[in-house]
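K.L.:
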Amino acid sequence: MSKRVIIVGGGVGGTIIANLLAKKMRPEIRKGELIIDVISDKAEHFYQPGLLYMLFGLKQYEELVRDERGLLDPMVELHLNPAVGIDKDKNEVRLKNGVVMKYDILVIATGSKPAPEMIPGLKEGGHWFYELDACLKLRNELMNFKGGKIVLTIGMPHKCPVAPLEVTYMLDDWFRQRGIRDKVDYTYTYPIAKLHGIDSVAQFASKTFPKRGIKSEIFFNMKEVDPNKKTVTSIEGTTLKYDLLISVPPHKGANVIEDSGLGQGGFIPTDKFTLKMKDSKNIYVVGDTTNLPISKAGSTAHFESDVIVENIASELRDGLTPFRYDGKVFCFIETGLTKATYVMFNYETPPNPVAPSALIHWLKLTYNKVYWLTPMGIL
Amino acid sequence: MTEAELREIEPTVTIDARDAYCPGPLMELIKEMRQQPVGSIIELMSGDAGSAKDVPEWLNKVHQEFLGVISESDYWRIFSRKIIEI
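So the protein lines, in turn, are chains A and B.
For what it's worth, this note's numbering labels the leading residue of the first sequence as 12, then goes sequentially.
For what it's worth, this note's numbering labels the leading residue of the second sequence as 10, then goes sequentially.
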């Protein structure tokens, strides 16, 4: 009887795992001994980091989207129907159309999404760029912005922890290019006592902010937004007035996770090395869906996927799962519209950004174009 | 609380953020403090010496209770209690 690996989620993690596994297990799939299914609620695969560029008109929608079916190995089954229930005791996934699928191994790659509704008034009074429609709306605001107070706020948890800094530096450059930087009063807020969670990146921001005239407010965690008064207040008791509020809203995991009782907020308790769901032998968790205290980023999902694929293949063939994730993450950091740096780290080695350069910026732009090779399992 | 008392505590939730370079231990505590119910005791394990200072400072700002810290060989165990909704 054939074995079945079901992957819930067709984002970067889910798609890489499906493709790498299909490549690695080709003989078993051909013999009918293994079936790989991807369950996704979307026919389109969207490159989310591209939104940072779309905000400035530097990327168009068509450049950031591909058909998920076209990215998947032909031997992977794609089910375009949302998963609405996961029963870990019965080894079953229930789809919205009523179909129940049984698995031998399950990979949960359902990701996370902004949940501005968690902060009263944020949806009405704030803008964000982590979703397509919201990004286009904010872009429109920016194009018509003639000057005034901009406040950037950050909720927890959120994906891509360097994006708030990137958008700040890029906006600074962009306003200078438009000749209105002197009319923009920009305040970057951050939830803790420094300007970024990574010490070395926080130090970089501390050095560069004063030179660029970027104001900052630390220990600022959004409590509520008053869209009428145009104020945002923190749980620490600080109120800031704004003309344009740009936020990174707190994120939530997929509804199916909480609805199935797998994890609070849609994030699943996960072993940091094996990437198996805690107390489970046959469920792996990848990317934003884990509750691990590491960056929620495509890069994290990418490196985790490599380990998960090796372990699934090894488990199916030999009953062994010897591979361990070492916490590897790599993130580019745009430091404006013409230069970038990067950080690379793992559980043992702290990140340390190199001096920003045009070369790294161009590498990032190149990666934006060739990203599709990543979910295809090539890069 | 004394170290002996802290060692007796059974936390509602423990956050192991010893290898959390990004976004970092305090960020994990903020997330947990916001989603746990009032009365919860949260233990934060951090490998960052700065946490032993930053965490009590933040707890004080948001009027939550700092219970104490245990310094282990290469990490810190920081205990707090959620006493009001935030």
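By construction, the Cβ of each residue, glycine as well, lies at the ideal position given by its N, Cα and C atoms.
All figures in this text were calculated on a predicted structure; none of them were measured in a lab.
Report the rounded CA-to-CA distance for A/Lys70 versus A/Ser310, giving the unit in angstroms.
P.N.:
Rounded to whole angstroms, A/Lys70 to A/Ser310 spans 20 Å at the Cα level.
K.L.:
By DSSP's criteria, A/Glu235 is part of a beta bridge. Which residues make up the other side?
P.N.:
Answer is A/Thr244.
K.L.:
Assuming A/Val195 and A/Phe186 are in contact, meaning their beta carbons sit under 8 Å apart, how far apart are those beta carbons, in whole angstroms?
P.N.:
Rounded, the Cβ-Cβ distance is 5 Å, consistent with contact.
K.L.:
Using a beta-carbon distance cut-off of less than 9 Å, what residues from the stretch 340 to 359 of chain A approach chain B?
P.N.:
The stretch 340 to 359 of chain A vs chain B, Cβ under 9 Å: Val340, Cys342, Val354, Phe356, Asn357, Tyr358, Glu359.
K.L.:
Specify whether the stretch 348 to 355 of chain A and the stretch 368 to 377 of chain A touch according to this definition: at least 3 beta carbon pairs, one from each stretch, less than 8 Å apart.
P.N.:
Yes, the stretch 348 to 355 of chain A touches the stretch 368 to 377 of chain A.
K.L.:
For the ligand ZN, I want to know if A/Thr26 counts as a neighbour, meaning its beta carbon is within less than 7 Å of at least one of the ligand's heavy atoms.
P.N.:
Questions concerning the ligand ZN fall outside what the structure shown contains, since it holds no ligand whatsoever.
K.L.:
Using a Cβ-Cβ cut-off of less than 7 Å, list which residues of the stretch 306 to 335 of chain A approach chain B; keep chain order.
P.N.:
Listed in sequence order: Ser306.
K.L.:
Is there a C-beta anywhere in chain D that falls below 8 Å from the one on B/Ala13?
P.N.:
Going by chain labels, chain D is absent from the structure shown, which instead holds the protein chains A and B.
K.L.:
Looking at C-alpha atoms only, which residue of A/Phe215, A/Thr385, A/Asp98, A/Lys218 is the closest neighbour of A/Asp270?
P.N.:
For the residues A/Phe215, A/Thr385, A/Asp98, A/Lys218, the minimum Cα distance to A/Asp270 belongs to A/Asp98.
K.L.:
As a quick exercise: from B/Ile92, B/Ser80, B/Leu38, pick the residue whose alpha carbon is nearest that of B/Ala13.
P.N.:
For the residues B/Ile92, B/Ser80, B/Leu38, the minimum Cα distance to B/Ala13 belongs to B/Ser80.
K.L.:
Going by DSSP, name the residue or residues bridged to A/Thr198.
P.N.:
Partner(s): A/Val162, A/Lys226.
K.L.:
Which value, in whole angstroms, describes the spacing of the CA atoms of A/Val236 and A/Thr244?
P.N.:
Going by the C-alpha atoms only, they are around 6 Å apart.
K.L.:
DSSP state of A/Pro38, grouped into three classes?
P.N.:
In the structure shown, A/Pro38 sits in a helix (DSSP, three-state: H, G or I).
K.L.:
Is the Cβ of A/Asn266 closer than 8 Å to any Cβ of chain B?
P.N.:
Judged by the 8 Å Cβ criterion, A/Asn266 is not in contact with chain B.
K.L.:
Would you identify the three-state DSSP class for A/Val111, choosing helix, strand or coil?
P.N.:
Correct three-state label for A/Val111: strand.
K.L.:
Between A/His323 and A/Ile116, which are expected to be in contact by the criterion C-beta below 8 Å, what is the C-beta distance as a whole number of angstroms?
P.N.:
The sequence shown places Ile at residue 323 of chain A, rather than the His named in the question. That belief holds up - the Cβ atoms of A/Ile323 and A/Ile116 are roughly 6 Å apart, short of 8 Å.
K.L.:
When Cβ atoms are compared, which residues of the stretch 230 to 245 of chain A fall closer than 8 Å to chain B?
P.N.:
Listed by position, the residues of the stretch 230 to 245 of chain A near chain B (Cβ gap below 8 Å) are Phe230, Asn232, Lys234.
K.L.:
For the putative contact between A/Ala7 and A/Leu176, defined by C-beta atoms under 8 Å, what is the C-beta separation to the nearest angstrom?
P.N.:
Past the boundaries of the shown model lies residue 7 of chain A; chain A is included only from 12 to 390, so the question cannot be answered.
K.L.:
When the Cα of A/Lys375 is compared with those of A/Cys342, A/Val365, A/Ala366, which residue comes out closest?
P.N.:
With distances taken between Cα atoms, A/Lys375 lies closest to A/Cys342.
K.L.:
Return no unless some Cβ of chain B is closer than 8 Å to the Cβ of A/Met167.
P.N.:
For A/Met167, the answer is yes, since a Cβ of chain B falls inside 8 Å of its Cβ.
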